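K.L.:
Have a look at this one.
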Amino acid sequence: MGIKVVNLTHIYGKGTAFQQYALKNVNLEIEDGQFIGLIGHTGSGKSTLIQHLNGLLKADSGEIYYNGENIYQDGYDMKALRGKVGLVFQYPEHQLFEVDVFTDVCFGPKNQKLPQEEVEERAREALTMVGLDESYYKQSPFELSGGEKRRVAIAGVLAMKPEVLILDEPTAGLDPKGRDEILDQIAKLHEQKKMTIILVSHSMEDMAKYADRIVVMNHGEKVFDDTPRKVFHHYKELEKMGLAAPQITYIVHALKDAGIPIADDLITVQEARDAILKLLGKEPGTYKDGKRLEKPC
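Position one of the sequence shown corresponds to residue 1 (full-length UniProt numbering), numbered consecutively onward.
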């Protein structure tokens, strides 16, 4: 059934001279199994929004339904909700606190009062999912690289077997290789576990590559909610909000302005490559010295 947000409003500094709307009448529905990209400029309300989805913040007005139940109704089990809707913060240090990696990942399922054997089984499974083997188990999480810390933080949430995984800028500060490894792992989880993913990111290229749907926030309001292709078609409006489209969008528009008959709704490098090869009368694939070596995957 998923998540339904109805007229959600959150005000910081309510009743003071510094009162400011962080969210204003936001309406949103997220169906099970979707991969949602959430974008917006700094201060747009995206981080505030995701912290409402598992009850870390409470709205000033409006409702949130998880699988048909209002999470604000009396007696609702917020602890159970946070086990089903897992949130990975932008800075993994905010979620890491145990003496070693394995103990840290065990914390969530242990807090769910599960038998120790199941706790450890879940921790091993979660660490395998994020690509960390037994050589990491006894290491201090604070001595790991930035990418490894993020993997441990994600594993800690996955060990609770959430139905929804929310990630706030999970690749911030990582090099391109580390970023791709993290996002590929997340995409694999989405595909294999049919898990709902909500990804907050400033990378439009990542949104174009991974998300099924993009939600755009601006000054606390939802302004766009559609497929990546349709959202990035509004690239000039996005620019006015301090955002952008994938770089390839600007390249294909420049080609089109130069008189080259290429589609102007291409959003990934692979799409643009295939379109250009087609214009040249060649089949898509990998080329060397003018000869096609293989077909694309």
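Beta carbons are placed, not taken as given, at the ideal position from N, Cα and C, and that holds for glycine.
Owing to the predicted nature of the structure, the values given are computational and were not obtained by experimental measurement.
So which of 46, 32 and 31 has the shortest CA-CA distance to residue 38?
P.N.:
With distances taken between Cα atoms, residue 38 lies closest to 46.
K.L.:
Are residue 196 and residue 164 touching if we call contact CB-CB under 8 Å?
P.N.:
Going by C-beta atoms, residue 196 is nearer than 8 Å to residue 164.
K.L.:
Compute the Euclidean distance between the alpha carbons of residue 76 and residue 64, then round it to the nearest angstrom.
P.N.:
The alpha-carbon atoms of residue 76 and residue 64 are separated by roughly 12 Å.
K.L.:
Keeping to the same chain, check which residues put their C-beta closer than 6 Å to that of residue 106; ignore five residues upstream and five downstream.
P.N.:
Same-chain partners within the cutoff: 119 and 123.
K.L.:
Say whether the region 152-162 touches the region 89-108, bearing in mind that this needs 3 or more beta-carbon pairs closer than 8 Å, one atom from each stretch.
P.N.:
Flag = yes, the region 152-162 and the region 89-108 touch.
K.L.:
Ordered along the chain, which non-local residues of its own chain (more than five positions away) have a Cβ less than 8 Å from that of residue 32?
P.N.:
Within the same chain, residue 32 has close Cβ partners 1, 2, 163, 194 and 196.
K.L.:
Can you tell me whether residue 109 is buried or exposed, with buried defined as 16 or more other CB within 10 angstroms of its CB?
P.N.:
Its Cβ being crowded by 16 or more others within 10 Å, residue 109 is buried.
K.L.:
Which term fits residue 210, buried or exposed, when burial requires 16 or more other beta carbons within 10 angstroms of its beta carbon?
P.N.:
Buried, by the Cβ-count rule.
K.L.:
On a CA-only basis, which of 199, 177 and 208 is nearest residue 230? Give me that one, please.
P.N.:
Cα-wise, what sits closest to residue 230 is 208.
K.L.:
Residue 68 by DSSP, collapsed to three states: which one?
P.N.:
Note: residue 68 maps to coil in three-state DSSP.
K.L.:
Please classify residue 87: does DSSP put it in a helix, a strand, or coil?
P.N.:
If DSSP states are grouped into helix, strand and coil, residue 87 belongs with the strands.
K.L.:
Going by other Cβ atoms of all chains shown within 10 Å of its Cβ, with 16 needed for buried, is residue 290 buried or exposed?
P.N.:
Because residue 290 carries a pLDDT of 48, less than 50, the predicted location of this residue cannot be relied on, and the following value inherits that uncertainty. Label assigned to residue 290: exposed.
K.L.:
Comparing alpha-carbon positions, which option in 52, 35 and 18 lies nearest residue 10?
P.N.:
Comparing Cα-Cα distances from residue 10 to each of 52, 35 and 18, the minimum goes to 52.
K.L.:
Could you tell me the alpha carbon to alpha carbon distance between residue 71 and residue 28, rounded to whole angstroms?
P.N.:
If I take the Cα positions, the gap works out to 15 Å.
K.L.:
Using the Cβ count rule (16 or more neighbours within 10 Å means buried), how would you classify residue 170?
P.N.:
Looking at its Cβ environment, which holds 16 or more other Cβ atoms inside 10 Å, residue 170 is buried.
K.L.:
Beta carbon of residue 266, beta carbon of residue 258: below 8 Å?
P.N.:
Going by C-beta atoms, residue 266 is not nearer than 8 Å to residue 258.
K.L.:
If we count the other Cβ atoms within 10 Å of its Cβ and call it buried at 16 or more, is residue 182 buried or exposed?
P.N.:
Counting Cβ neighbours within 10 Å, residue 182 comes out buried, since at least 16 surround it.
K.L.:
Given that a residue counts as buried once 16 or more other Cβ atoms are within 10 Å of its Cβ, and exposed if not, what is residue 26?
P.N.:
With 16 or more other Cβ atoms within 10 Å, it is buried.
K.L.:
Helix, strand or coil for residue 143, going by three-state DSSP, please let me know.
P.N.:
Helix.
K.L.:
Under 8 Å between the Cβ atoms of residue 339 and residue 101?
P.N.:
In the structure as shown, the chain starts at 1 and stops at 297, and residue 339 therefore has no counterpart that could be examined.
K.L.:
Is it buried or exposed, residue 61, if we count other Cβ atoms within 10 angstroms and call 16 or more buried?
P.N.:
Residue 61 should be labelled exposed.
K.L.:
By Cβ distance, which residues of its chain are closer than 7 Å to residue 190, with the 5 residues on each side in sequence left out?
P.N.:
Around residue 190: 35 and 197.
K.L.:
Taking the alpha-carbon positions, what's the residue 287 to residue 248 distance?
P.N.:
Because residue 287 carries a pLDDT of 49, less than 50, the predicted location of this residue cannot be relied on, and the following value inherits that uncertainty. Whole-angstrom Cα-Cα distance: 20 Å.
K.L.:
State the DSSP-derived secondary structure class of residue 40, mapped to helix, strand or coil.
P.N.:
Residue state, collapsed to three classes: strand.
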